[in-house]
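Novice: Sequence positions in the sequence shown follow my numbering and run 16 to 309. One structure is given below, represented as structure tokens, and several questions about it will come after.
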Amino acid sequence: MSKERDVLRRFLIGNHLRGEWVRLNTTWRTVLNRADYPKAVCQYLGQALTATALLSATIKFDGKITLQIRGTGPLHLLVAQVNSNRGVRCTAKWRSAIPDAVSSLHEVFGADAQLLISVNTSGGQERYQGIVDLRGSSLSEALETFFLQSEQLPSYFWLHSDMTCAAGLMIQKMPGAPEDDDSLNRVKILSDTVTAHELINLDAEQLLWRLYHEEGVSLYEPQEVHFECHCSSERTRQLVRSFGAEEANQILSEEGAIAVTCEFCNACYTFDAIDVAQIFNADATGHDGNRTRH
Ligand SMILES: [Zn+2]
Numbered sequence: 016m017s018k019e020r021d022v023l024r025r026f027l028i029g030n031h032l033r034g035e036w037v038r039l040n041t042t043w044r045t046v047l048n049r050a051d052y053p054k055a056v057c058q059y060l061g062q063a064l065t066a067t068a069l070l071s072a073t074i075k076f077d078g079k080i081t082l083q084i085r086g087t088g089p090l091h092l093l094v095a096q097v098n099s100n101r102g103v104r105c106t107a108k109w110r111s112a113i114p115d116a117v118s119s120l121h122e123v124f125g126a127d128a129q130l131l132i133s134v135n136t137s138g139g140q141e142r143y144q145g146i147v148d149l150r151g152s153s154l155s156e157a158l159e160t161f162f163l164q165s166e167q168l169p170s171y172f173w174l175h176s177d178m179t180c181a182a183g184l185m186i187q188k189m190p191g192a193p194e195d196d197d198s199l200n201r202v203k204i205l206s207d208t209v210t211a212h213e214l215i216n217l218d219a220e221q222l223l224w225r226l227y228h229e230e231g232v233s234l235y236e237p238q239e240v241h242f243e244c245h246c247s248s249e250r251t252r253q254l255v256r257s258f259g260a261e262e263a264n265q266i267l268s269e270e271g272a273i274a275v276t277c278e279f280c281n282a283c284y285t286f287d288a289i290d291v292a293q294i295f296n297a298d299a300t301g302h303d304g305n306r307t308r309h
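Written as structure tokens, this is what we have:
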């Protein structure tokens, strides 16, 4: 059984390639335990979460990376996020059965679907956003297109996800590598031999040695990855405030309380008439009317 669980490892191959390897065990099962996703949705969600974790090594400040696919297909929204502490979370929205075997992601996400990757500071300031039309038959292919089109940075992904584990590998040409360097082609051919079984069962050192020992690999120390949702009572109060007093009171009169469920972790925040009065009273007086719940 593999020893490395919920771990990200960076590595270098030769002089011009960098890579990441990640495996999510408890992290991924925490996601699955908090929502009732159909199996076909899990496959895409687990791969998106893995890809996002692989990208986390590129955050150089206190912030987060969000990967999003949105379209009008049966699976019309997929969101995966990672922060600079390597806390990950994800969610999906679907409206009908997802086809099992597809020749194009368009069958799953819709012909108009787009892939977005954005980088924000923890204060919400946007540092980067890239958008491309979703192309290819797999999330790996779609990401390869993204990095080529929006970054001109050749990058390859191998992603696997099942109901217990999500794991993946990324190889990227380093900025400034010589044009005629063909190590990426050699390493891609070697990486294409990787199996789901190896991604799930081999630890990074074993796997990278098996794949790249002739190329020379330097492996960095493991970095822990975990599930983390940053929803909070205060953020949800702000959401209720954004409804406006009239709409909030309308919901109160119809439902008796305002219940907001976090799409990422399924936490439920409930606001009764007193809470709602305080939220809008705080607006009017400029003071926060938060009260302690017992
Ligand atoms: Zn949450």
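For every residue, glycine included, the Cβ atom is placed at its ideal position computed from N, Cα and C.
Can you have a look at residue 244 and say buried or exposed, based on whether 16 or more other CB atoms are within 10 angstroms of its CB?
Specialist: The sequence position of residue 244 within the sequence shown is 229, counting from 1. Residue 244 is buried by the Cβ-count criterion.
Novice: What residue does the beta strand (DSSP E) around residue 52 start on, and which one ends it?
Specialist: As a working mapping, residue 52 is identified with position 37 in the sequence shown. It is not in any beta strand (DSSP E) - residue 52 carries neither H nor E in the DSSP assignment.
Novice: Is the beta carbon of residue 282 within less than 6 Å of some heavy atom of ligand 1?
Specialist: Residue mapping note: residue 282 aligns to position 267 of the sequence shown, counting from 1. Yes.
Novice: Answer with buried or exposed for residue 107, where buried requires no fewer than 16 other C-beta atoms within 10 angstroms of its C-beta.
Specialist: By 1-based counting over the sequence shown, the position of residue 107 is 92. It counts as buried.
Novice: Straight-line CA distance for residue 257 to residue 197?
Specialist: Taking the first residue of the sequence shown as position 1, residue 257 is located at position 242. Taking the first residue of the sequence shown as position 1, residue 197 is located at position 182. If I take the Cα positions, the gap works out to 54 Å.
Novice: Using the C-alpha atoms, what's the distance from residue 52 back to residue 295?
Specialist: Translated into the one-based positions of the sequence shown, residue 295 becomes position 280. Translated into the one-based positions of the sequence shown, residue 52 becomes position 37. Roughly 36 Å between the two C-alpha positions.
Novice: Between the segment 77 to 90 and the segment 120 to 140, can you find at least three pairs of beta-carbon atoms closer than 8 Å?
Specialist: With the cut-off at 8 Å, the segment 120 to 140 and the segment 77 to 90 touch.
Novice: For residue 136, write down the residues that DSSP places opposite it in a beta bridge.
Specialist: Taking the first residue of the sequence shown as 1, we reach residue 136 at position 121. The partner list for residue 136 (beta bridge, DSSP) reads 78.
Novice: Decide if the segment 167 to 175 is in contact with the segment 149 to 159; the criterion is three or more beta carbon pairs, one per stretch, under 8 Å apart.
Specialist: The answer is yes - the segment 149 to 159 touches the segment 167 to 175, with three or more Cβ pairs under 8 Å.
Novice: Can you tell me whether DSSP reads residue 255 as helix, strand or coil?
Specialist: Taking the sequence shown and counting its residues from 1, one reaches residue 255 at position 240. Helix at residue 255.
Novice: Would residue 168 pass as a contact of residue 62 if the rule is Cβ separation under 7 Å?
Specialist: Residue numbering aside, residue 168 sits at position 153 when the sequence shown is read from its first letter. Residue numbering aside, residue 62 sits at position 47 when the sequence shown is read from its first letter. No, the Cβ-Cβ distance between residue 168 and residue 62 is not below 7 Å.
Novice: List the DSSP bridge partners of residue 178.
Specialist: As a working note, residue 178 is residue 163 in the sequence shown. DSSP lists no partner for residue 178.
Novice: Can you list, in chain order, the residues of its chain whose CB lies under 7 Å from that of residue 277, leaving out five sequence neighbours each side?
Specialist: The residue labelled residue 277 in the question sits at position 262 within the sequence shown. Correct list, in chain order: 244 and 246.
Novice: Run through the DSSP bridge pairs and tell me what residue 283 is partnered with.
Specialist: Along the sequence shown, read from residue 1 onward, the residue named residue 283 stands at position 268. In the DSSP output, where bridge partners are listed per residue, residue 283 has 276.
Novice: Three-state secondary structure (DSSP) at residue 106?
Specialist: Translated into the one-based positions of the sequence shown, residue 106 becomes position 91. Residue 106: strand per DSSP, three-state reduction.
Novice: In its own chain, which residues sit with a C-beta less than 6 Å from the C-beta of residue 134, not counting the 5 before and 5 after it?
Specialist: Position 119 of the sequence shown holds residue 134. Once the five neighbours on either side are set aside, the close Cβ partners of residue 134 are 80, 142 and 143.
Novice: Less than 8 Å between C-beta atoms, sequence neighbours within five positions excluded: which residues of the same chain meet that for residue 306?
Specialist: On the sequence shown, residue 306 is found 291 positions in, with the first residue counted as 1. Note that residue 306 has pLDDT 44, beneath the 50 cutoff, so the model's placement of it is unreliable and no number is given.
Novice: Grab the span of the alpha helix (DSSP H) containing residue 157 for me, first residue to last.
Specialist: Taking the first residue of the sequence shown as position 1, residue 157 is located at position 142. Its alpha helix (DSSP H) spans residues 154 to 166.
Novice: Could you name the residues that DSSP lists as bridge partners for residue 171?
Specialist: In the sequence shown, the residue the question calls residue 171 occupies position 156. BP columns for residue 171 point to 186.
Novice: Is residue 289 helix, strand or coil when you go by DSSP?
Specialist: Start at 1 with the first residue of the sequence shown, and residue 289 comes out as number 274. Helix.
Novice: Would you call the segment 269 to 287 and the segment 221 to 241 touching, i.e. three or more CB-CB distances under 8 Å?
Specialist: Contact between the segment 269 to 287 and the segment 221 to 241 is absent, because fewer than three Cβ pairs lie under 8 Å.
Novice: Let me know if residue 285 comes out buried or exposed under the rule of 16 or more other beta-carbons within 10 Å of its beta-carbon.
Specialist: Reading the sequence shown from its first residue, position 270 is the one you call residue 285. Exposed.
Novice: Can you have a look at residue 120 and say buried or exposed, based on whether 16 or more other CB atoms are within 10 angstroms of its CB?
Specialist: By 1-based counting over the sequence shown, the position of residue 120 is 105. The residue is buried, with at least 16 neighbouring Cβ atoms inside 10 Å.
Novice: Helix, strand or coil for residue 231 per DSSP?
Specialist: Along the sequence shown, one-based indexing puts residue 231 at 216. Here residue 231 sits in coil by DSSP.
Novice: Quick check: does the Cβ of residue 242 come within less than 6 Å of any heavy atom belonging to ligand 1?
Specialist: Stepping through the sequence shown from its first residue, residue 242 is reached at position 227. Residue 242: no, Cβ never under 6 Å from ligand 1.
Novice: Can you tell me where the alpha helix (DSSP H) holding residue 199 begins and where it ends?
Specialist: One-based indexing of the sequence shown puts residue 199 at position 184. Looking at the DSSP string, the run of the alpha helix (DSSP H) that includes residue 199 is 198 to 206.
Novice: Assign residue 304 to one of three DSSP states: helix, strand, or coil.
Specialist: Numbered from its first residue, the sequence shown carries residue 304 at position 289. With a pLDDT of only 43 at residue 304, under 50, the local geometry of the prediction cannot be trusted, and no value is derived from it.
Novice: What is the residue span of the beta strand (DSSP E) that residue 123 lies within?
Specialist: Position 108 of the sequence shown, counting from 1, holds the residue named residue 123. Per DSSP, residue 123 belongs to no beta strand (DSSP E); it is in the alpha helix (DSSP H), 121 to 124.
Novice: Could you check if residue 224 is buried or exposed, using at least 16 other CB atoms within 10 Å of its CB as the buried criterion?
Specialist: As a position in the sequence shown, residue 224 is number 209, starting the count at 1. Exposed, by the Cβ-count rule.
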